[in-house]
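In this note's numbering, the protein residues as written are 26 to 169. Note that CB positions come from ideal geometry on N, CA and C, so glycine has one too.
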């Protein structure tokens, strides 16, 4: 898993790095009046609010290294000017990476752990938090 909660996704006009650090997570909570896990559940359960999507992506871009101006312009062009449902999965993936790490890196982590197995006195302990809810099926629903 990504140690810093970042994820790189193909979105909008190309590949972008997203990261919600504590600073961005606090701002997300303030803007959405909910904690990250609650926002995540709203996205997964299709009970999201507009700012759940907009702010997760905007703040994720900023935390990932984009300037606030560039993040604003990207969100304006690829979120506000598009159907919101197109970006539900992206917003959920950004929050999931902040909560549980980037699931795309699980294979790399397992390989590294296997390579170092037996070289340390104690084995790494499993993560203490439960994994983020599955994102399966988010694309399957259509909004009419």
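For residue i, three-class secondary structure by DSSP
i	result
residue 33	strand
residue 85	helix
residue 42	strand
residue 92	coil
residue 55	helix
residue 106	coil
residue 74	coil
residue 121	helix
residue 62	helix
Proximity of residue i and residue j at Cβ, strictly below 8 Å
i	j	result
residue 44	residue 30	yes
residue 33	residue 118	no
residue 66	residue 124	no
residue 73	residue 113	yes
Alpha carbon of residue i to alpha carbon of residue j, nearest angstrom
i	j	result
residue 38	residue 116	16 Å
residue 77	residue 101	15 Å
residue 172	residue 75	Outside the displayed span of the chain (26 to 169) sits residue 172, for which this structure offers no information.
residue 28	residue 47	14 Å
residue 140	residue 79	The pLDDT assigned to residue 140 is 47, lower than 50, so where the model puts this residue is not dependable, and the model offers no usable value.
residue 35	residue 120	16 Å
residue 63	residue 89	22 Å
residue 57	residue 49	12 Å
residue 105	residue 126	27 Å
residue 61	residue 71	15 Å
Counting beta carbon pairs with one atom in the segment 48-58 and one in the segment 81-97, are three or more of them shorter than 8 Å?
yes
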